Structure formats: C-alpha cells, structure tokens
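S.K.: Following the numbering used here, the numbering of the sequence shown begins with 18 at its first residue and continues without gaps. We put the beta carbon where it would ideally sit given N, CA and C, even for glycine. Note that the structure is a prediction, hence the values are computed from the model and not measured.
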Amino acid sequence: MEGIPPIDPYLTRYQELEAEMAAPDFFQDQRQAAMLSREHQKLNALIEQYEELNKIHGEIADTREMVNEAGADEEIIELAKAELPELEEAFHNLKHKILISMIPPDPTDSRNTIVEIRAGAGGDEASLFVGVLSRMYQRYAELNSWRIEPMSSSPSEVGGFKENIFLVTGEEVYKKLRYESGVHRVQRIPVTESGGRIHTSTVTVAMMPEAQEVDLDIDQNDLDITTMRASGAGGQHVNTTDSAVRIVHIPTGEMVYCADERSQIKNRDKALKVLYSRILEKKQREEQAKYAAQRKSQVGTGDRSERIRTYNYPQGRVTDHRIGLTMHTLPQVLEGEINSVVEALQEAEYKEKLEALLDGKGMAS
Numbered sequence: 018m019e020g021i022p023p024i025d026p027y028l029t030r031y032q033e034l035e036a037e038m039a040a041p042d043f044f045q046d047q048r049q050a051a052m053l054s055r056e057h058q059k060l061n062a063l064i065e066q067y068e069e070l071n072k073i074h075g076e077i078a079d080t081r082e083m084v085n086e087a088g089a090d091e092e093i094i095e096l097a098k099a100e101l102p103e104l105e106e107a108f109h110n111l112k113h114k115i116l117i118s119m120i121p122p123d124p125t126d127s128r129n130t131i132v133e134i135r136a137g138a139g140g141d142e143a144s145l146f147v148g149v150l151s152r153m154y155q156r157y158a159e160l161n162s163w164r165i166e167p168m169s170s171s172p173s174e175v176g177g178f179k180e181n182i183f184l185v186t187g188e189e190v191y192k193k194l195r196y197e198s199g200v201h202r203v204q205r206i207p208v209t210e211s212g213g214r215i216h217t218s219t220v221t222v223a224m225m226p227e228a229q230e231v232d233l234d235i236d237q238n239d240l241d242i243t244t245m246r247a248s249g250a251g252g253q254h255v256n257t258t259d260s261a262v263r264i265v266h267i268p269t270g271e272m273v274y275c276a277d278e279r280s281q282i283k284n285r286d287k288a289l290k291v292l293y294s295r296i297l298e299k300k301q302r303e304e305q306a307k308y309a310a311q312r313k314s315q316v317g318t319g320d321r322s323e324r325i326r327t328y329n330y331p332q333g334r335v336t337d338h339r340i341g342l343t344m345h346t347l348p349q350v351l352e353g354e355i356n357s358v359v360e361a362l363q364e365a366e367y368k369e370k371l372e373a374l375l376d377g378k379g380m381a382s
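The structure is reproduced here in structure tokens:
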C-alpha cells in the first residue's frame, strides 16, 4: 500500500522470535525472555493491524466502485457514499497507528530511570525549585503507578536541594521521562523579595536510563573508590562511621558521592548505579549528537545544557521551547500532570521518525 513500508521485515522478525521462544532453554534468562516476549506481542499486534488495514483498503475500493458504477440503484449509491468517509477515517487512523508501531523501539524505553536534578543559576531560589521539580516528578510517578527510591541528595539551607537524585522504577519509565533532560527555567517572585520583582532561576535535569551490564564494559581498575565519614545532618551514627562512599571513574572524571544510607555497602551500590547510568547517558548523548548533525531534531537532543522549558508563575504559564507549546496550567503541571506535554513531545518525535521510516532509513532489518 502507498505511504506505508512493506510488512515483510516485521514478519521475518516475528518468525525468528517464534523459533526462539520454542527453544527449550528460552526461559533460562528471565529478563531476556520477558523482553523478547513483549517484542513478540507487539509484532503480533502489528501484523494483525496490517491485515485489518488491507481489509479496510479493499472495502474502500469496493465502495468507491459501487459509487461510480453506472446504472446502480440510487439508494445503494447513497448508502455507499455515506459509508465511504467512515471507512477512509478508519483507514487513516489505523495507518497512523501502524506507522507508529513500525518505528524501531529504543532499547532503553522500558528501562528504569535515574532522575538527577541540580540547582543552576539563581542561588537559593534555584535550590528551592529543585524541590518543586522533585515533587512534580514524584507526583507524576505516582500517577503512573511507578515507584521512587531515593539515591542521594544535598539539601540547601533554605529548604530546597542543591542536588537531588532518585530512581524511578516501573513500566516504560524512560520512554516518558526521556524528554525532561535539559535546563528548566522558573520565573517567579521569591519569598525573600520585598520589592515584588520577578526573578529568573534555572535548574538542570538529567534523565538517565538505568545502566545494565550489557551496556558498558567498565574496568574495575578504572574506579577510584573512597570511603569516608558522612558530613552534614544525619545523626550520630553517620557522623561517626565511614559509611559515605565516593566513586570516581578515572577515564571520564565522573564522580558520585553517596551518604544517604547507614550501610557503606548500600551507599556503594547506589553510587555505582548512578555512576554507570551517567556514563551510559554520556555515551548516548554523543551518539545523539552525531545523529543530530545529520538530521535536525524537532524535540532537541535531550542534552542537559539545552534550555527546554519555562515555568512562569505570575502568568500561570508553562512553555516548552522545543515544540513551541504553551499551556496556562502551571498548578496542574506542578502537581505532576505533565502527560499532555509528554504526548506532544512524543508526537513531534514520531513525526520525525516517520519521515525517516518512509525514506527507508528506519525500517526493521
């Protein structure tokens, strides 16, 4: 059919998965089995939808022929004319759904995500907004039935955070949170401002897919691991034992400090999880930069240095600069209702990927 890639590569992949799933040792690796089973289900749905599209395509051809048939009964022609727009709309909607399904999935879409929020320009006001964004993402997680696990934080003197890191686990977490990486700008009157002037502050957000062993080959000799006494608030225990852990990846200079747990082992595990995910994200950003150099991206690279959104309190406005989306629903957004923004960004990305797919550059192999 015109305007849609052939189904053959997807049928071939479906048959390959059928053979793999029939193997006696298929379920030995539970994680791999679950991933392949999900791919199998999606391909099965795609093939069924493609068959349905073919059926509707045939019905449209028959109906048009009926409308144009010479000497046909007028009542039948009128019925056919009335039915044609519904068939064409059903065809258009299903075709769009199939094209979206044909876009090769990102292997990190189903990953858990490490959220790293840091205060940027604006001093105390920026650190307070780190707390606001932290709550926004935690509320969004609750709305999606995801779970939150604190990783590391550095509270500020005024009640916010200089830095806050937490892990979000659940279904397709990174698929939705990936668009949030970048610089978030807030415009509001600080509580300490006596003159009523609006201040502009920035917060940096990094959304990092949780790294897995297959993603990175890190030499343990490249890790400088130091234990020390935790500094700051935390009670007598953390101040008198070497529970805090600092890990430096020597080749990249990436450093993670974790002192949230009383257990040195738990702090080490959390620090490693953050470190590996940072390195993976850096690797992905480098790959995205190469891609962006070849093809201009509509939704940005997701680089943490790119200004992506403004939250304007006086006007109750939220603006996403990547797609020119403006909404006057600031209170709802700050309560975690960001699905409309996420869906708009997904649509913009799908549009770009569909162009590549129809150009023959993004088809399944």
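(1) For ILE21 versus LYS114, is the C-beta distance shorter than 8 Å?
(2) Expressed to the nearest angstrom, what Euclidean distance is found between the alpha-carbon atoms of GLU76 and VAL220?
(3) Counting pairs of beta carbons, one from the region 93-110 and one from the region 182-189, are three or more of them closer than 8 Å?
(4) Indicate the three-state DSSP secondary structure (helix, strand or coil) for ASN61 in the structure shown.
(5) Following the continuous beta strand (DSSP E) through TYR274, name the residue where it begins and the one where it ends.
(6) Along the chain, where does the beta strand (DSSP E) that runs through TYR367 open and close?
(7) Output the residue ranges of the alpha helix (DSSP H) runs that lie fully inside the region 139-224 and measure 4 residues or longer, sorted by chain position.
(8) Within 10 angstroms of its Cβ, does LYS370 collect 16 or more other Cβ (buried), or is it exposed?
(9) Considering Cα atoms alone, identify which of GLU95, PRO121, MET119 and THR80 is closest to LEU104.
(10) So HIS74 packs on MET18, CB below 8 Å; how close in whole Å?
(11) Can you check whether the CB of LEU374 is closer than 8 Å to the CB of ILE120?
(12) Excluding the five sequence neighbours on either side, which residues of its own chain have a C-beta within less than 6 Å of the C-beta of TYR274, listed in chain order?
(13) Given this structure, state the Cα-to-Cα distance separating PRO268 from SER127, to the nearest angstrom.
(14) Please say whether ASP234 and THR244 have beta carbons closer to each other than 8 Å?
(15) For the alpha helix (DSSP H) containing MET119, list its first residue and its last residue.
(16) Does VAL358 pass the burial test, meaning 16 or more other C-beta atoms within 10 Å, or should it be called exposed?
(17) Whether or not the region 346-364 and the region 157-168 are in contact is what I'm after, with contact meaning three or more pairs of Cβ atoms, one per stretch, closer than 8 Å; do they touch?
(18) If we ignore side chains and look at the alpha-carbon of each, how far apart do ARG339 and GLN45 end up?
(19) Where do the ends of the alpha helix (DSSP H) carrying ASP25 lie?
(20) For the putative contact between VAL200 and GLY148, defined by C-beta atoms under 8 Å, what is the C-beta separation to the nearest angstrom?
(21) Please classify TYR328: does DSSP put it in a helix, a strand, or coil?
(22) Between which two residues does the beta strand (DSSP E) carrying ILE264 extend?
(23) Contact defined as beta carbons within less than 8 Å: I believe ARG295 pairs with GLU271. What is the distance between those atoms, to the nearest angstrom?
(24) Could you give the residue range of the alpha helix (DSSP H) that holds PRO348?
(25) DSSP three-state call for ALA136: helix, strand or coil?
(26) Using only the alpha-carbon positions, how far apart do GLU174 and SER218 sit?
(27) Can you tell me whether MET83 is helix, strand or coil according to DSSP?
(28) What is the DSSP secondary structure of MET18, counted as helix, strand or coil?
(29) Take ILE206 as the anchor and find which of GLN332, GLN58, SER54 and LEU362 has the nearest alpha-carbon.
(30) Given this structure, state the Cα-to-Cα distance separating SER144 from SER171, to the nearest angstrom.
(31) Compare the C-alpha of PRO348 against each of GLN363, TYR330, GLU95 and HIS109 and name the closest.
(32) Which residue or residues does DSSP assign as beta-bridge partners of ASP337?
(33) What is the DSSP secondary structure of ILE131, counted as helix, strand or coil?
(34) In chain order, what residues of the same chain have a beta carbon less than 7 Å from the beta carbon of ALA89, not counting five sequence neighbours either side?
M.R.: So, from the listed chains and residues:
(1) Along the sequence shown, one-based indexing puts residue 21 at 4. Along the sequence shown, one-based indexing puts residue 114 at 97. Not closer than 8 Å, so no.
(2) Position 59 of the sequence shown, counting from 1, holds the residue named residue 76. Position 203 of the sequence shown, counting from 1, holds the residue named residue 220. Those two C-alpha atoms are separated by around 54 Å.
(3) The region 93-110, when compared against the region 182-189, does not touch it at the 8 Å Cβ threshold.
(4) Taking the first residue of the sequence shown as position 1, residue 61 is located at position 44. Correct three-state label for ASN61: helix.
(5) Locating residue 274 in the sequence shown gives position 257, counting from the first residue. That run of the beta strand (DSSP E) goes 271-275.
(6) Residue 367 sits at position 350 when you count from the first residue of the sequence shown. From DSSP, TYR367 is part of no beta strand (DSSP E) but of the alpha helix (DSSP H) over 356-375.
(7) 141-160 and 190-194
(8) The count along the sequence shown starts at 1 and reaches residue 370 at position 353. Label assigned to LYS370: buried.
(9) Taking the sequence shown and counting its residues from 1, one reaches residue 104 at position 87. With distances taken between Cα atoms, LEU104 lies closest to THR80.
(10) Sequence index remark: in the sequence shown, residue 74 carries index 57 (1-based). Sequence index remark: in the sequence shown, residue 18 carries index 1 (1-based). At roughly 6 Å, the Cβ-Cβ gap stays under 8 Å, so HIS74 and MET18 are in contact.
(11) Taking the sequence shown and counting its residues from 1, one reaches residue 120 at position 103. Taking the sequence shown and counting its residues from 1, one reaches residue 374 at position 357. For ILE120 and LEU374, yes; Cβs fall inside 8 Å.
(12) Reading the sequence shown from its first residue, position 257 is the one you call residue 274. For TYR274, where only same-chain residues beyond five positions count, the Cβ hits under 6 Å are ARG263.
(13) Taking the sequence shown and counting its residues from 1, one reaches residue 268 at position 251. Taking the sequence shown and counting its residues from 1, one reaches residue 127 at position 110. Whole-angstrom Cα-Cα distance: 29 Å.
(14) In the sequence shown, residue 244 corresponds to position 227, counting from 1. In the sequence shown, residue 234 corresponds to position 217, counting from 1. Result no, Cβ atoms of THR244 and ASP234 do not sit closer than 8 Å.
(15) Along the sequence shown, read from residue 1 onward, the residue named residue 119 stands at position 102. Element bounds for MET119: 91-119.
(16) What you label residue 358 is simply residue 341 of the sequence shown in a count that begins at 1. So VAL358 counts as buried.
(17) yes
(18) Taking the first residue of the sequence shown as position 1, residue 339 is located at position 322. Taking the first residue of the sequence shown as position 1, residue 45 is located at position 28. Taking the straight line from one Cα to the other gives about 44 Å.
(19) Your numbering for residue 25 matches position 8 in the sequence shown. It spans 25-38 - the alpha helix (DSSP H) in which ASP25 sits, taken as one unbroken run.
(20) One-based indexing of the sequence shown puts residue 200 at position 183. One-based indexing of the sequence shown puts residue 148 at position 131. With a Cβ gap of about 17 Å, VAL200 and GLY148 do not count as contacting.
(21) One-based indexing of the sequence shown puts residue 328 at position 311. When secondary structure is reduced to three states using DSSP, TYR328 falls in the strand class.
(22) On the sequence shown, position 247 is the one that residue 264 refers to. Residue range 261-266 is occupied by the beta strand (DSSP E) that includes ILE264.
(23) Residue 295 sits at position 278 when you count from the first residue of the sequence shown. Residue 271 sits at position 254 when you count from the first residue of the sequence shown. So it is a contact: roughly 5 Å between Cβ atoms.
(24) What you label residue 348 is simply residue 331 of the sequence shown in a count that begins at 1. That run of the alpha helix (DSSP H) goes 347-351.
(25) Within the sequence shown, the letter at position 119 stands for residue 136. Here ALA136 carries a strand assignment [DSSP, helix/strand/coil].
(26) Taking the first residue of the sequence shown as 1, we reach residue 174 at position 157. Taking the first residue of the sequence shown as 1, we reach residue 218 at position 201. If you take the alpha carbons of GLU174 and SER218, they lie about 17 Å apart.
(27) Here residue 83 corresponds to residue number 66 of the sequence shown, with the count starting at 1. In the structure shown, MET83 sits in a helix (DSSP, three-state: H, G or I).
(28) For the purposes of this step, residue 18 is identified with residue 1 of the sequence shown, where counting begins at 1. MET18 falls in the coil class under three-state DSSP.
(29) Residue mapping note: residue 206 aligns to position 189 of the sequence shown, counting from 1. Checked all of GLN332, GLN58, SER54 and LEU362; the closest Cα to ILE206 is GLN332.
(30) What you label residue 144 is simply residue 127 of the sequence shown in a count that begins at 1. What you label residue 171 is simply residue 154 of the sequence shown in a count that begins at 1. Distance between the alpha carbons of SER144 and SER171 is about 10 Å.
(31) Sequence index remark: in the sequence shown, residue 348 carries index 331 (1-based). Checked all of GLN363, TYR330, GLU95 and HIS109; the closest Cα to PRO348 is TYR330.
(32) Sequence index remark: in the sequence shown, residue 337 carries index 320 (1-based). DSSP, once it has assigned bridges, lists ARG326 and LEU342 as partnering ASP337.
(33) As a working note, residue 131 is residue 114 in the sequence shown. When secondary structure is reduced to three states using DSSP, ILE131 falls in the strand class.
(34) In the sequence shown, the residue the question calls residue 89 occupies position 72. Contacts found: MET83.
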